[in-house]
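Down below is the structure, laid out as structure tokens.
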């Protein structure tokens, strides 16, 4: 389980991005290259090195193999962010953008995201390392602890090394579940991956977000609303969707996220629920059709 991803400027236009085969990282690389930056990526194996060089064949991209800094062991996974930051500090890197998570902001002991509350950058997940090791937390609870502790480790490292200028990008998580029934929406908040990637690139060039946690959220949603949207906008998929007969939408209330730093300081405008989800479904259908064509 990897708990870290960082973007580090090596020069004015030369950037290191860790774990470039990841879902979000590929979009960060795309947008960094589009912005005219030179990207050096890290991958975990020689096979992945071949893949990424095929994906980004231009002279503005290069990558190196860096074996995974963590193992599947939970205690080792917590050390990932700190190991990368120590290596960056040793190399003289002073600007870092860390991919964090809204899981480090959420408070599941008070209702999580299903409550009338606005989360801000001052909120932290209260679940502890001991709780995670106890085995009594659900999978997402353990994940949240790892994300929280990894981010705190980064901020603690910066306190000890104030020459490092850190920004954390705390984005909400989107989980899609395949089912014949409309499931309950565990995390009713979304952000488009393109917005999350854009926030990383914008943060690199904006000193006003140094020392800040930049929260990202495009709005709220429920699985009921997704199904209804697809029924209306993609009727050809109707036979593959759960039935809404006798089903009511979840009433909420749903928590809000204070995205003022992203919107006012970085100048971001988030993609809408409809655009984000329709683009997601269209991309999945395109992948499915491509796979069928190769058979």
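Residue numbers (the working numbering): 852 to 1146. For glycine and all other residues, C-beta sits at the position ideal for the given N, C-alpha and C. A quick note: this is a predicted structure, and the numbers were derived from the prediction, not measured.
CA-to-CA distance, residue j to residue i, given in whole angstroms
i, j, result
"residue 1008", "residue 1127", "36 Å"
"residue 1144", "residue 1137", "10 Å"
"residue 1100", "residue 1089", "18 Å"
"residue 975", "residue 956", "4 Å"
"residue 924", "residue 1124", "Confidence is the limiting factor: at residue 924 the pLDDT is only 43, short of 50, which leaves the residue's position unreliable and the question unanswerable from this model."
"residue 1082", "residue 1103", "22 Å"
"residue 953", "residue 1066", "7 Å"
"residue 1140", "residue 1134", "10 Å"
"residue 916", "residue 872", "12 Å"
"residue 879", "residue 893", "13 Å"
"residue 1187", "residue 1122", "With the chain represented from 852 up to 1146, any question about residue 1187 goes unanswered, as that position is not in the structure."
"residue 888", "residue 933", "26 Å"
"residue 909", "residue 949", "25 Å"
"residue 905", "residue 931", "27 Å"
"residue 942", "residue 1094", "56 Å"
"residue 1050", "residue 886", "13 Å"
"residue 967", "residue 1086", "34 Å"
"residue 877", "residue 1006", "25 Å"
"residue 947", "residue 936", "8 Å"
"residue 1059", "residue 1114", "13 Å"
"residue 1017", "residue 939", "12 Å"
"residue 922", "residue 945", "Only weak support exists for where residue 922 lies, its pLDDT of 46 falling under 50; the value from the coordinates is given anyway. Straight-line Cα distance between these residues: approximately 27 Å."
"residue 852", "residue 1037", "With a pLDDT of only 31 at residue 852, under 50, the local geometry of the prediction cannot be trusted, and no value is derived from it."
"residue 874", "residue 1097", "36 Å"
"residue 926", "residue 1079", "Its pLDDT being 48, under 50, residue 926 is placed unreliably in this model, and the value from its coordinates should be taken loosely. Looking at the two C-alpha atoms, the distance is approximately 42 Å."
"residue 1117", "residue 963", "27 Å"
"residue 1109", "residue 996", "21 Å"
"residue 1111", "residue 965", "21 Å"
"residue 1092", "residue 1034", "12 Å"
"residue 845", "residue 907", "For the chain, the structure presents residues 852 to 1146; residue 845 sits outside this window and is missing."
"residue 983", "residue 1002", "16 Å"
"residue 1025", "residue 866", "Low confidence applies here, because residue 1025 scores a pLDDT of 49, under 50, leaving its location unreliable; read the following figure in that light. Approximately 27 Å, taken between the alpha carbons."
"residue 958", "residue 993", "13 Å"
"residue 970", "residue 1032", "30 Å"
"residue 1146", "residue 1119", "42 Å"
Of the residues the options, the one placed nearest residue i, counting alpha carbons only
i, options, result
"residue 1022", "916, 1107, 900", "1107"
"residue 883", "906, 905, 912, 897", "912"
"residue 1048", "870, 1001, 881, 867", "881"
"residue 972", "1092, 1105, 1062, 1077", "1062"
"residue 978", "970, 964, 960, 969", "960"
"residue 896", "870, 874, 890", "870"
"residue 1077", "1146, 866, 1132", "1132"
"residue 999", "969, 1064, 907", "1064"
"residue 1130", "1119, 1084, 1142", "1084"
"residue 951", "994, 891, 1019, 865", "1019"
Cutoff 9 Å: residue i Cβ touching any chain D Cβ
i, result
"residue 878", "In the structure shown, chain D cannot be found, because there is only a single protein chain."
Opening and closing residue of the alpha helix (DSSP H) in which residue i lies
i, result
"residue 949", "Segment 946-952 is the beta strand (DSSP E) holding residue 949; no alpha helix (DSSP H) there."
"residue 883", "874-885"
"residue 931", "931-941"
"residue 1078", "1074-1084"
Closer than 8 Å: residue i CB and nearest the ligand ADP heavy atom
i, result
"residue 1043", "This structure does not include the ligand ADP; it has no bound ligands of any sort."
First and last residue of the uninterrupted beta strand (DSSP E) at residue i
i, result
"residue 867", "865-868"
"residue 912", "912-916"
"residue 903", "Counting along the chain, residue 903 falls outside any beta strand (DSSP E), though it belongs to the alpha helix (DSSP H) covering 897-906."
"residue 1145", "Note, residue 1145: premise wrong, no beta strand (DSSP E); alpha helix (DSSP H) at 1124-1145."
"residue 894", "889-894"
Complete alpha helix (DSSP H) runs within the region 980-1064 (minimum length 4 residues, chain order): Listed in chain order, the complete alpha helix (DSSP H) runs (minimum 4 residues) inside the region 980-1064 are 980-985, 990-1011, 1044-1055.
Inter-stretch contact at 8 Å, needing at least 3 Cβ pairs: the region 976-993 / the region 1042-1056: no
Cβ contact (3+ pairs, closer than 8 Å) linking the region 1070-1080 and the region 894-912: The region 1070-1080 vs the region 894-912: no contact.
At least 3 beta-carbon pairs within less than 8 Å: the region 1053-1060 vs the region 992-1012: no
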